[in-house]
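Numbering (this note's numbering), first residue to last: -19 to 145.
So this is what it looks like as structure tokens:
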């Protein structure tokens, strides 16, 4: 399984979006964002037309990407609203989770060959999005929770922001 995390370096966006901006609705030009995705996907070794992306709205919703909905969801033309995580067992499907101050949680069950990508901000954490994603992997793909490998991304820390309860 391939995975990758990026920084904001190496893209074409300018000004406050500089440089590798992957935000879909922050005000950057669609052309710049598309080129940034092309560069990122090329670096990771995935086809940009086979990625699945959400607007990410700090929900606890995790969507299963299957053969039936993959054709409608793939690429940058149809980012999904109201979803902050994806699960799939499709071989040629790349799940995208974007985060800055939030965390990305990547999960992989090597026994069932199931992957999951979750955008985990404080609202999602308060609603147990990670636990819900694991339960969905177990229910939908018969994953064993004991087999799921988890990677947690970097995120904003207390040195850079005020944190409360």
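We put the CB at the ideal spot given by N, CA and C, even for glycine.
- Here the region 73 to 92 makes contact with the region 28 to 36; the two share three or more CB pairs at distances below 8 Å.
- In the DSSP assignment, residue 84 falls within the unbroken beta strand (DSSP E) covering 83 to 89.
- Within the same chain, -8 come within 6 Å of residue 15 by CB-CB distance, once the 5 residues on both sides are set aside.
- By the criterion of a C-beta distance shorter than 6 Å, residue 86 is surrounded in its chain by -17, 97 and 131, once the five residues flanking it on both sides are discounted.
- Rounded to whole angstroms, the Cβ separation of residue -10 and residue 19 is 6 Å, and the two are in contact under 8 Å.
- Residues of the same chain with a CB within less than 6 Å of the CB of residue 40, apart from the 5 flanking positions on each side, are 104, 107, 109 and 112 in chain order.
- In the DSSP annotation of this structure, the continuous segment of the beta strand (DSSP E) that includes residue 97 starts and ends at 94 to 100.
- Collapsing the DSSP output to three states places residue 65 in a strand.
- Going by DSSP, residue 132 is part of the beta strand (DSSP E) stretching over 129 to 132.
- Collapsing the DSSP output to three states places residue 114 in a helix.
- Looking at 73, 42, 102 and 51, the one whose alpha-carbon comes closest to that of residue 63 is 42.
- For residue 136, the number of other beta carbons within 10 angstroms of its own is below 16, and it is reported as exposed.
- Residue 140 is classed as exposed because its beta carbon has fewer than 16 other beta carbons within 10 Å across all chains shown.
- Leaving aside the five residues that flank residue 58 on each side, the residues in its chain whose CB is nearer than 8 Å to its CB run, in chain order, 52.
- Annotation for residue 56: no beta strand (DSSP E) segment contains it, and DSSP assigns it neither H nor E.
- Going by DSSP, residue 24 is part of the alpha helix (DSSP H) stretching over 10 to 24.
- Between residue 84 and residue 133, the C-beta gap is smaller than 8 Å, which places the two residues in contact.
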